[in-house]
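*Asks:* My structure is below; once you've seen it, I'll send some questions.
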Amino acid sequence: MKLIYFILFLLIPFSGQAGNDEYRRNMLRAKAMIDTATMEQTLIVAANYFERIAAMNPGEWLPCYYAAYCYARVSHLHEATGKRDTWVDKAQLQIDKAFSSVPENPEVLVMKGFVLQARMDINPMARGLKYYAETMACFDRAIKLCPENPRGYLWKGINLFNTPAMFGGGRDKGCKLIKIAIEKFKAFNPRDSLMPDWGYEYALEMIEKCK
Amino acid sequence: MRKTGLVTFAHSLKIFLLLLFLNLAQEGDAQVIIKGLVTDQKNNPLPYANVFIEGTYEGTVTDDSGRFLLTTGLTGEVTIGASYIGMQTLLKKIYIGQSNEALVFRLKKDDTVLTPVTITAGTFAAGDQNKSELLKPRDIGTTAGAPGDLQSTYETLPGTQRVGYTEGLFVRGGSNHESKYIMDGLAMPNPYYSHVPGHKQRGRTDPFLFSGVIFSTGGYSAQYGQALSSVLVLNSKGLADSTITGGGIHVYGATAFHTHRWKNSSIYANASYNNFSPYNQAFRFITHNRHWTKPPKNKDIKLVYRYKPNANGIFKFYSNFSTHKLGVSYKDPLQINDSNFDIKNYYYLAQSNYTQHFNHDKTSVYAGVSVSSNDDKYNYCNTDLNESGLTFQAKALAKHDVSENIKLIAGAEYATANLKGNIDSLFSEVPHSLIALFAESEALFGMKFALRLGFRMEHSSYSKQTTIAPRASFAYKFNNSSQVSFSYGRFCQLPLKYMMLSEPSGLGNEKASHLIANYQFRKNEKTFRAEMYYKTYKELVTEFRPFYNYPGRAGYAKGIEFFMRDKGTFPNLDYWISYSWADSQRKTIIPGETVTPGYVSAHTFSVAGKYWVPAFRVILSMSYNYASKRTFTYMKDSDKITKLGIPAWSSFDVSISKPMQLFGRPAVFFCSLQNVFGYDKVLGYINIPAFAYPYPVYPAEKRSPFFGIFLSMYNE
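So the sequences go chain by chain: A and B.
Take the first sequence: its letter number 150 is residue 150 in the working numbering, and every next letter is one higher.
With positions in the second sequence counted from 1, the corresponding number in the working numbering is that position plus 211.
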């Protein structure tokens, strides 16, 4: 009997499931922050949290992915201060980490494009030439790898929507893809609650502009 | 037995719950609040800094006043870290529970330590990878001047002389034959279309095929040789991003290309055709002093292939085939007949190389081979002449990072060439070969001090000499915005082709040494640099045949140069300004006399800028170049030294690119005007065999207009 207690006692702290639970619990907490975040501070808090999770779980790409997402969004909020490049640098660092562990993952490719897009948005006239094709290539590849993933269509669509027709974009082209994205969002069911599921609200917002 | 079993279960459950409770209670008991403050070195609070306990999920973020509260259930010794964007992460060990006074983290700026120093003496790097580089590859294609030509961009940088009567880079008192093009590690013979005397030609390279270009105005790496003054190192792009088809049509020709991307490979094919005949007819009213018997015509095909067999290796193949024809007539007021000069050129270059990286990019090996053939068929005053060369090159090199701070490069090169040509109606053939070994090490001491040492050993079968050329550079960084660097190097090269052909038994290597001091200041989007150099030449070959080895064949060049680039001050405007002062003389133009070469101006000034005009959605590009007066010295009646003045030269070039849509596809309309103010004074003098005196060269056109439209289509 003592043996059973002893084994039980041993199992509680050392169970493999327990370590994984710790990761999931923290991920879910951090992810809940970004789902509702509209303020810079919340995003930075979440990004820092994801960075800590990434440091604890070096093999996982998801914490880096979300940290990149948060930093890229922070860069968008920094419109006036001229500090945007530094935030994009932080996002870049995180997405590069994710990309090096899973290079052919559609979600990571979308995020890579999202970060490149954030970089391009800082100075579209000077940077469009360099980043436009690269950004589009990320979204195209993501769509090719997983045609069911709505985020590739959404971001490609938004990119086209915001690019003047004379540069190869256009409102109509963009709206067509955003519509596809909406359909895909309705059908999309992430396998796991940790997996990316963001973007639907943004798609709805964009589709209003298309009307 | 059964009862006992149940009791056992109940008992163990009780114990389990007890354990769980104890565990929770313990956690609840030991909740500790750690207070603290995160500031920079000047005690300014840092809001939203990341505060974390190392090795745990626990952490928090500072508030607007830089303060944080961290609640933890941990006890004992823990390491707390604070990190902030652009700052170095600081770690502190504390013992929880002992004393809980506020922790203060004063973070240091990242940039004072983190970016390592780079050697900048004599180097203008253009690339996408490194933010510290001064130019971007697209700057090269979009600077006003000859459209899409590398040369006209580099002529706006300090150290180069703008010479109107012939192509090539004239760097720091050196002639154009002292500058070499290197593509993916291998020398590129004949980088310009062949010329007739006095008519400047364009380069064969397409700037958009390269992801990085390093222009060295001296003191360059031991990896390269056979250039006394300068090297232009072109690094080609890897796999193409996507499948695109495109083309363009412009005033003197048309071009079409297709890029195809597969998973691990890509191909790029380009064909272009140029014919100046309709252009010269249409713009007859502005052509000036050039008597075309055959306006230039050329065909050019480029084929580029890339293959990536694995994530860390790449195979590159580049080939270029072209034919080029032109003819001019030189009007001679003293002679009744004009002198006609025609040329037909056939050129081929094929180059392959493979690079493989090992153990996390710490080691890499490279191997490359190239074959090139250049055949010039001249017709001069109804006499056929020929000059041709067949070159084969092979190079292998290995790079290894011994540690993060010590890098080594070593390699070997072999080249063999067969030169053929007519010299004074005699046919001559000079087969020769060259072997080179080189090694270089770069060491970083701390982040502030870098040292690069290298040597290059060469043996040429033509000069029958073995030369050892040492190179050394070091750089010191005061802070993240300013640094100094110094460079010293010895360089040698074989004499000009016509000299080699007329002396098949062999001539010695020409030699030069460079000493360069550089200061660079960079902050945000602004750059300022100043450079001083002293260059000595020795064992140069005198320009006239009987005097090839005339005693005292030395020379020097010295100068000061300034460069400034500003991308940040004015919205949508990016411009750079260069000024160079140069003093150079050599004893080999007139045997035994110290003479300044006819291409050297004491003062050279250039401003180039690009402005995005939001209202019209166009990019306006302008460049202004000025070169002070020069002197052409020659010997009349083989004993009397005569000097001819060449007036100060200036040119203002403008170009406009307008992105637009054509047939639903992205397109760019491009137009440019070179020499807007119509400068039409003499550009320089050249020696033409039939004439007793130097022949003056004037601008080909008083103003050179160019316009065209370029279209590209994505195939999704």
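Idealized CB from N, CA, C, for every residue including glycine.
Below 7 Å on C-beta distance, what does A:VAL45 contact in chain B?
*Replies:* Those within 7 Å of A:VAL45 in chain B are VAL272.
*Asks:* Would you be able to state if there are at least three C-beta pairs under 8 Å between the region 379–390 of chain B and the region 806–813 of chain B?
*Replies:* Yes: at least three Cβ pairs fall under 8 Å.
*Asks:* Per DSSP, B:LEU655 forms a beta bridge with which residues?
*Replies:* BP columns for B:LEU655 point to B:ALA661.
*Asks:* Let me confirm a value: A:GLU205 is counted as buried when at least 16 other C-beta atoms fall within 10 Å, else exposed. Which label applies?
*Replies:* Exposed: under 16 other Cβ atoms inside 10 Å.
*Asks:* Answer with buried or exposed for B:PHE263, where buried requires no fewer than 16 other C-beta atoms within 10 angstroms of its C-beta.
*Replies:* Answer is buried; the Cβ neighbour count reaches 16.
*Asks:* Mapping the DSSP letters down to three states, classify A:ASN20 as helix, strand or coil.
*Replies:* Of the three classes helix, strand and coil, the one that applies to A:ASN20 here is helix, per DSSP.
*Asks:* Write down the C-beta distance between B:SER405 and B:ILE554 rounded to the nearest angstrom, noting that I regard them as a contact closer than 8 Å.
*Replies:* B:SER405 to B:ILE554, Cβ: 6 Å. Contact.
*Asks:* How many Å lie between A:ASN26 and A:ILE53 at the Cα?
*Replies:* Near 7 Å, if we compare the C-alpha coordinates of A:ILE53 and A:ASN26.
*Asks:* Return the CA-CA distance between B:LEU361 and B:PHE552, expressed in angstroms with no decimal places.
*Replies:* Approximately 27 Å, taken between the alpha carbons.
*Asks:* I'd like the list of long-range same chain contacts for B:LEU784, defined as Cβ closer than 7 Å, with 5 residues on each side in sequence excluded.
*Replies:* For B:LEU784, where only same-chain residues beyond five positions count, the Cβ hits under 7 Å are GLY820 and TYR822.
*Asks:* Alpha carbon to alpha carbon, how far is A:GLY152 from A:LEU116?
*Replies:* Distance between the alpha carbons of A:GLY152 and A:LEU116 is about 14 Å.
*Asks:* Contact defined as beta carbons within less than 8 Å: I believe B:PHE732 pairs with B:SER692. What is the distance between those atoms, to the nearest angstrom?
*Replies:* Yes, B:PHE732 and B:SER692 are in contact; Cβ-Cβ is about 6 Å, under 8 Å.
*Asks:* If you measure from the beta carbon of B:ASP452 to each beta carbon in chain A, is any gap under 8 Å?
*Replies:* Output row for B:ASP452: interface = yes.
*Asks:* Can you have a look at B:THR566 and say buried or exposed, based on whether 16 or more other CB atoms are within 10 angstroms of its CB?
*Replies:* The residue is buried, with at least 16 neighbouring Cβ atoms inside 10 Å.
*Asks:* Counting Cβ pairs closer than 8 Å, one from the region 412–421 of chain B and one from the region 834–849 of chain B, do we hit at least three?
*Replies:* The region 412–421 of chain B is not in contact with the region 834–849 of chain B.
*Asks:* Nearest to B:ASP850 by CA position, among B:ILE801, B:ASN531 and B:GLU288, is which residue?
*Replies:* The candidate whose alpha carbon is nearest that of B:ASP850 is B:ILE801.
*Asks:* Since B:TRP823 sits in a beta bridge, which residues does DSSP pair it with?
*Replies:* Paired residues: B:ILE830.
*Asks:* Would A:MET195 be called buried (16 or more neighbouring beta carbons within 10 Å of its own) or exposed?
*Replies:* By the neighbour-count rule (16 or more Cβ atoms within 10 Å), A:MET195 is not buried but exposed.
*Asks:* Using a beta-carbon distance below 8 Å, is B:ALA236 in contact with chain A?
*Replies:* Low per-residue confidence applies at B:ALA236: pLDDT is 40, beneath 50, and the placement is therefore not dependable, though the value from the model is reported in the following sentence. For B:ALA236, the answer is no, since every Cβ of chain A falls outside 8 Å of its Cβ.
*Asks:* On the DSSP letters alone, give me the boundaries of the alpha helix (DSSP H) that B:HIS571 sits inside.
*Replies:* B:HIS571 -> no alpha helix (DSSP H), and no H or E assigned at all.
*Asks:* With DSSP as the reference, please indicate the residues paired to B:PRO808 in a beta bridge.
*Replies:* In DSSP, B:PRO808 forms no bridge with anything.
*Asks:* Does the pairing of the region 182–193 of chain A with the region 159–166 of chain A give three or more beta-carbon distances under 8 Å?
*Replies:* No: the two stretches stay apart, fewer than three of their Cβ pairs being nearer than 8 Å.
*Asks:* Residues of chain A with CB under 7 Å from B:GLY297, in chain order?
*Replies:* Chain A residues near B:GLY297: THR86.
*Asks:* What is the rounded straight-line gap between the Cα of B:GLY856 and the Cα of B:LYS840?
*Replies:* Their backbone Cα atoms lie some 7 Å apart in a straight line.
*Asks:* Tell me, please, whether the CB atom of B:PRO489 is closer than 8 Å to any CB atom in chain A?
*Replies:* So no, B:PRO489 is outside the interface.
*Asks:* From what residue to what residue does the alpha helix (DSSP H) around B:GLY700 run?
*Replies:* Careful: B:GLY700 lies outside any alpha helix (DSSP H), inside the beta strand (DSSP E) at 693–704.
*Asks:* I'd like to know if A:LYS184 contacts chain B, where contact means its C-beta is closer than 8 Å to some C-beta of that chain.
*Replies:* By this cut-off, A:LYS184 is not an interface position.
*Asks:* Can you give me the Cβ contacts of B:ASP543 inside the same chain, cut-off strictly under 7 Å, excluding the 5 residues immediately before and after it?
*Replies:* Cβ neighbours of B:ASP543 beyond the five flanking positions: ASP549, SER550 and PHE902.
*Asks:* Quick test of the definition: if touching needs 3 or more C-beta pairs under 8 Å, does the region 432–450 of chain B touch the region 565–583 of chain B?
*Replies:* Not touching, per the Cβ criterion.
*Asks:* Could you tell me which of B:GLN492, B:ASN509, B:ASP511 and B:LYS510 sits nearest to B:HIS502, measuring between CA atoms?
*Replies:* Comparing Cα-Cα distances from B:HIS502 to each of B:GLN492, B:ASN509, B:ASP511 and B:LYS510, the minimum goes to B:GLN492.
*Asks:* Strictly by DSSP, which residues pair up with B:LEU560?
*Replies:* Partner(s): B:ASN531 and B:SER583.
*Asks:* Look at B:TYR745 and B:ALA765 and say whether their C-beta atoms are less than 8 Å apart.
*Replies:* In this structure, B:ALA765 does not lie closer than 8 Å to B:TYR745 by Cβ.
*Asks:* Between B:TRP823 and chain A, is there a C-beta pair that is closer than 8 Å?
*Replies:* Cβ-Cβ to chain A under 8 Å: yes for B:TRP823.
*Asks:* Among residues of its own chain, excluding the 5 on either side of B:TYR589, which ones have a beta-carbon nearer than 6 Å to its beta-carbon?
*Replies:* Same-chain partners within the cutoff: ILE554 and LEU596.
*Asks:* Run through DSSP, which three-state label would B:TYR268 get?
*Replies:* Three-state DSSP puts B:TYR268 in coil, outside helix and strand.
*Asks:* Consult DSSP for B:THR250 and reduce its assignment to one of helix, strand or coil.
*Replies:* B:THR250 falls in the strand class under three-state DSSP.
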